[in-house]
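Single-structure report; data block below.
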Amino acid sequence: MKTYYIYTFGCKVNQYETQLISEKFKKDGFERAAKPEEADIIIFNSCTVTAEADKECEYFLRKASKFERPEKIFITGCFAKNKTEYIKNKFPEIQIITEKTELFSEPSKQIIRGFDKRSRAFVKIQDGCDSFCSYCIVPYVRNKLWSKPAETVFEEIKDLVNNGYPEIVLTGIHVGKWRGQQDGGVATSFVPLTLPTLIGKIVKIPSQFRIRISSVEINEIDNNLIETMKEYPDKICRHLHIPLQYGSDEILKSMNRHYDTASFEKKVKSIISEFPELALTSDIITGFPGETQKHHKETCDFIKKMPFARFHIFRYSDREKTKASTFEGKVPPDKIKSRSHDLFEIDAAKRAEFLNKNTGKKRMAVSIGSNKALTDNYITVKIPEKKPGIFEVTVSEDSEI
81 MKTYYIYTFG CKVNQYETQL ISEKFKKDGF ERAAKPEEAD IIIFNSCTVT
131 AEADKECEYF LRKASKFERP EKIFITGCFA KNKTEYIKNK FPEIQIITEK
181 TELFSEPSKQ IIRGFDKRSR AFVKIQDGCD SFCSYCIVPY VRNKLWSKPA
231 ETVFEEIKDL VNNGYPEIVL TGIHVGKWRG QQDGGVATSF VPLTLPTLIG
281 KIVKIPSQFR IRISSVEINE IDNNLIETMK EYPDKICRHL HIPLQYGSDE
331 ILKSMNRHYD TASFEKKVKS IISEFPELAL TSDIITGFPG ETQKHHKETC
381 DFIKKMPFAR FHIFRYSDRE KTKASTFEGK VPPDKIKSRS HDLFEIDAAK
431 RAEFLNKNTG KKRMAVSIGS NKALTDNYIT VKIPEKKPGI FEVTVSEDSE
481 I
């Protein structure tokens, strides 16, 4: 039997699309190889969100091109789309597939039946972004907005839950831009649906499962979503990932983010007042062009007063084609490194504070591996053995977030 192996880089959407590709290969009679060097076909599902992502993918491309067994090596994904000519020149033996949907069984439907080696399943409900934040390459490589029809989302979730996945993570390139339609009850009349409306319908699916929203922008969280979260505490995880990106209004404006620190703080504090136990996670970029020590201090001070449970720190890197790559005032690498260390220290303190607040409390969790479980508010807890479904755990001092 012919074998395949998939290298996956980057976001949850890529992980979901790897599952789509994997199911297509299995349907065509292939078997998944345990190691890339044992595969007849190797597929790279690439990412290009940072310079480091490019370098990582290129490292493994070089490594794979030296393997003797593979008949074919393919690369798809955002790096392939962004650097097509570069890859052609540097790796002429590797076949480039810029349109990833060519590798899916049902490109228009995009439904998976399982999630290999995972106990939680990701469900891609949306693709594409047209926000054009000045630092971001994504709108240039995933610019076509696409929303999965609501009925298809329901069908996919039902199948995954029936197949033993108790937690469904709703994911997309810009999840808050999901849009759908429902019959308005009058001929040619349709009512537009938004993400909060979709979630309000998902939670009514009569099965034992819960959903987690992978990421949502601050200005896309409305009263509809808050009320649904309040009404269905067992169905919607007490965890929201809301990207801040920066804590200085001047830099936020330069980033083309559509909020300021005051509005962000007001909305966040309103959310936490409704859900005190909620884990609020975020993303922060350091070293953005034009960033001064004053901007950095403003960011550190702002983050310290925000009720974050943890946040991811990204060191800025120029992405060709983006507006920020043309900006003056580039920050030297040594300063970016130093400032990222300041942020790591704040992040460590935030994690410790959140865990301390939750230690000794009981939460509902799902297994993530043989001896770990993930709570609804994003804490990893040790358990004696893997368990099915959703079950109660106690957060201990050795838990992590």
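Residue numbers (my numbering): 81 to 481.
Here a beta-carbon is modelled for each residue, glycine too, at the ideal position from N, C-alpha and C.
Checklist entry - If you draw a straight line from the alpha carbon of ASN436 to that of TYR220, how long is it in whole angstroms? => result ASN436 and TYR220: Cα-Cα distance of roughly 42 Å.
Item to check | Beta-carbon proximity list for HIS321, same chain, < 6 Å, skipping 5 on both sides | outcome: If we look at HIS321 and ignore the five residues flanking it on each side, its Cβ neighbours are SER295, THR361.
Next on the checklist: Please state the DSSP three-state secondary structure of PHE344.
Outcome noted: DSSP places PHE344 in helix when its eight states are reduced to three.
Checklist entry - Considering only residues of the same chain and omitting the five flanking positions on each side of LEU332, which have a CB-CB separation below 8 Å? => result Residues GLN325, TYR326, TYR339, ASP340, THR341 of the same chain have their beta carbon placed closer than 8 Å to that of LEU332, with the five preceding and five following residues left out of the count.
Checklist entry - Which value, in whole angstroms, describes the spacing of the CA atoms of THR88 and THR156? => result Rounded to whole angstroms, THR88 to THR156 spans 10 Å at the Cα level.
Item to check | Secondary structure of ASP210, DSSP reduced to three states | outcome: Secondary structure at ASP210: coil, using DSSP grouped into helix, strand and coil.
Next on the checklist: Since PHE212 and THR251 should fall inside the 8 Å C-beta cutoff, what is the C-beta to C-beta distance between them, to a whole number of angstroms?
Outcome noted: The beta-carbon distance between PHE212 and THR251, rounded to whole angstroms, is 21 Å. This is too long to meet the 8 Å contact definition.
Next on the checklist: If you follow the alpha helix (DSSP H) that ASP363 is in, where does it begin and where does it stop?
Outcome noted: Note, ASP363: premise wrong, no alpha helix (DSSP H); beta strand (DSSP E) at 359-366.
Item to check | Cβ-Cβ separation, ASN94 to ASN125 (assumed contact under 8 Å), whole Å | outcome: Taking C-beta atoms under 8 Å as the contact rule, ASN125 and ASN94 qualify, at a distance of about 5 Å.
Checklist entry - Ordered along the chain, which non-local residues of its own chain (more than five positions away) have a Cβ less than 6 Å from that of SER476? => result In the same chain as SER476, and ignoring 5 residues on each side of it, no C-beta atom comes closer than 6 Å to its own.
Next on the checklist: Can you look up ILE177 in the DSSP assignment and give me helix, strand or coil?
Outcome noted: Residue state, collapsed to three classes: strand.
Checklist entry - Where DSSP assigns a beta bridge to VAL203, which residues make up the other side? => result According to DSSP, which records beta bridges pairwise, VAL203 is partnered with LEU250.
Item to check | Nearest to LEU141 (by Cα), restricted to the options PRO172, LYS441, PHE289 | outcome: Closest by alpha carbon: PRO172.
Checklist entry - Using the beta-carbon count (16 or more within 10 Å), is GLN288 buried or exposed? => result It is exposed - the Cβ of GLN288 has fewer than 16 other Cβ atoms within 10 Å.
Checklist entry - If you draw a straight line from the alpha carbon of SER420 to that of PHE407, how long is it in whole angstroms? => result Their Cα atoms are separated by approximately 21 Å.
Item to check | Own chain residues within Cβ distance below 6 Å of PRO369, not counting five before or after | outcome: Excluding five sequence positions before and after PRO369, the CB atoms of its chain that fall closer than 6 Å to its own CB belong to ALA404, PHE407, GLY409, LYS410, given in chain order.
Item to check | Opening and closing residue of the alpha helix (DSSP H) in which ALA428 lies | outcome: That run of the alpha helix (DSSP H) goes 413-438.
Checklist entry - Are the beta-carbon atoms of PHE344 and ARG318 separated by less than 7 Å? => result Remark: C-beta atoms of PHE344 and ARG318 do not approach each other more closely than 7 Å.
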